[in-house]
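Final position of the sequence shown in the numbering used here is 474; the numbers increase by one with none missing.
Backbone N, C-alpha and C define an ideal beta-carbon position, used for all residues, glycine too.
Remember, it's a predicted structure, so these values are computed and weren't measured experimentally.
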Amino acid sequence: MPKDQKASDVQTSLAEFAAERGVKYFMISFTDLFGAQRAKLVPARAISDMQEDGAGFAGFATYLDLTPAHPDMLAVPDPNAVIQLPWKPEIAWVPANCVMEDQDVEQAPRNVLRRLIAEAAEEGMHVKTGIEAEFFLLTPDGQQLADSQDTSGKPCYDQQAMMRSYEVIREISDYMLELGWGPYQSDHEDANGQWEMNWDFDDVLTVADQHSFFKFMTKTIAEKHGLRATFMPKPVEGLTGNGCHAHISVWDAPGEDAKTNIFATDKGEGQAGEVGLSEKGKHFLGGIMKHASALAAITNPTVNSYKRINAPRTISGATWAPNTVTWTGNNRTHMVRVPGPGRFELRLPDGAVNPYLLQAIIIAAGLDGVRSQAEPGKRWDIDMYAEGHKVRGAPKLPLNMLDALREYDKDKSLKAAMGEEFSAAYLKMKHQEWNEFCTHFSDWEKERTLDI
Ligand SMILES: [Mg+2]
């Protein structure tokens, strides 16, 4: 197994990749609107044809707005993004772009992101992000924490708990090292049973593929150890939820050609300049702030997401999740934190976010901000959890998924930027999900209503 897959960089022939590395099967994978990864297992002997024509899928059978009458959807693998499974080197995973009758399927999330990357590039902007994908380790039935001794009231960075879960965390970390992702730290997070593992920031398409693969890998390795990993936004009532914070910067070129961070300034003019954001960085942030209530429909895409934001204080003392559209310097109690010059952290997204749509919505909102010279509003250097009542006029984040969908539907420029076809498909499928939730009969309503 080569130690650094990244060194291989541009792959043109998957058949050669298979021959060089002893790969027997390819997992051709695409991600649907709800973030589910769908794959076909293709033997190496058939990969040349598949690389050209794509693997056929019935799109209706996945979370895409397609009917049984639609023609085959073809998932065409992106050879530059192939990853040989470090734990099963005979298989290589390769993310794919969805095509139907020679046209990109516009609602397919990886296509939405690719289009927005190209739009930003036309304006000389190359977005890079780093993400913090938090997860819980549970028992296989999902009912209990995997580590029954992990009961501390302040479990963050718990050294003893770290050792009890070491074999799982170490194995995932080893694989990221082998893949050349540049992992640099792992820690027990703020909830009992919760973990975070960090690797280097990169171009958004690379990060979206890595994010997808990280979820696949983490779940697989947890299963191998007889556990279950979950990225669900709020899997345990009363405990801190799974965030997926994104650290955002914009550069003059993609990949290793990037030399200048065009978000960075040391001039220090105005409230954004004082914390190290350039004019462009300020307007990009302005776009995120302007569209925040609407983009929550993407960054917080499930019914459960709204139990993480707007949450009451957790057992550990804080939710670490925002409820208001505010920004600040190096302070974790707001929706956006500017931890240092040249980047900002969006703390809104949660573990359910679709890896491709997360990056796409950041570009869509940010680009609109730059084009419209949007202002981010006042910088609030206060403890938002304790002093939030002092903030007047800042928009509140949506209280539930339906509110978020309505905000998204109202935001015409954001919908257009994400693509009309995508936006219509997403809204339709998510409204169906909301309606399904509303018809679900819960114990809570029975308890509250039975004796009324
Ligand atoms: Mg964290």
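| query | result |
| --- | --- |
| Endpoints, beta strand (DSSP E) assigned at D209 | P205 to H210 |
| T321 burial status per 10 Å Cβ neighbour count (16 or more: buried) | buried |
| Three-state secondary structure assigned by DSSP to V413 | coil |
| Contacting residues, own chain, Cβ-Cβ under 7 Å from H233 (five flanking each side not counted) | I153, A155 and P377 |
| Span separating the alpha-carbon of K312 from that of L389 | 12 Å |
| Continuous beta strand (DSSP E) assignments of at least 3 residues falling wholly in the segment 123-168 | 148-160 |
| Helix, strand or coil at S30 according to DSSP, with G and I counted as helix | In this prediction, S30 has a pLDDT of 46, which is less than 50 and means its spatial position is unreliable; what the coordinates show is noted afterwards. In the structure shown, S30 sits in a helix (DSSP, three-state: H, G or I). |
| Buried/exposed call for M185, threshold 16 Cβ in 10 Å | exposed |
| E301 Cβ short of 8 Å to ligand 1 heavy atom set | no |
| Nearest neighbour of N353, chosen from N326, I404 and L370 [CA to CA] | I404 |
| Buried/exposed call for T34, threshold 16 Cβ in 10 Å | exposed |
| For N220, the three-state DSSP class (helix, strand or coil) | strand |
| Opening and closing residue of the beta strand (DSSP E) in which A77 lies | A77 to F79 |
| Boundaries of the beta strand (DSSP E) in which V99 is found, first to last residue | As written in the sequence, residue 99 is Pro, which differs from the Val given in the question. It spans M95 to P99 - the beta strand (DSSP E) in which P99 sits, taken as one unbroken run. |
| Residue span of the alpha helix (DSSP H) that contains T282, given as start and end | Taken as a continuous stretch (DSSP letters only), T282 belongs to no alpha helix (DSSP H), as it is neither H nor E. |
| Buried versus exposed call for T252 [16 or more other C-beta atoms within 10 Å across all chains shown] | buried |
| Short Cβ contact (9 Å threshold) for T350 with W273 | no |
| Given 8 Å, three or more beta-carbon pairs between the segment 256-267 and the segment 332-339 | yes |
| Nearest residue (CA-CA) to E218, options G146, T84, F79 and G373 | G373 |
| Cut-off 6 Å between Cβ atoms - residues of its own chain near N36, not counting five sequence neighbours on either side | In the sequence under discussion, the amino acid at residue 36 is Leu, which differs from the Asn named in the question. I69, Q73 and P101, listed in sequence order. |
| R67 versus D225 - alpha carbon distance | 32 Å |
| Residue range of the unbroken beta strand (DSSP E) whose run includes M49 | Y47 to T53 |
| Proximity test, E367 beta-carbon vs ligand 1 heavy atom, cut-off 8 Å | no |
| Contact set for V375: own chain, Cβ-Cβ below 6 Å, skip 5 residues either direction | C266 and T321 |
| G362: first and last residue of the uninterrupted beta strand (DSSP E) it sits in | V358 to G362 |
| Three-pair Cβ contact test at 8 Å for the segment 113-126 versus the segment 183-198 | no |
| For R186, the first and last residue of its enclosing alpha helix (DSSP H) | Q181 to R186 |
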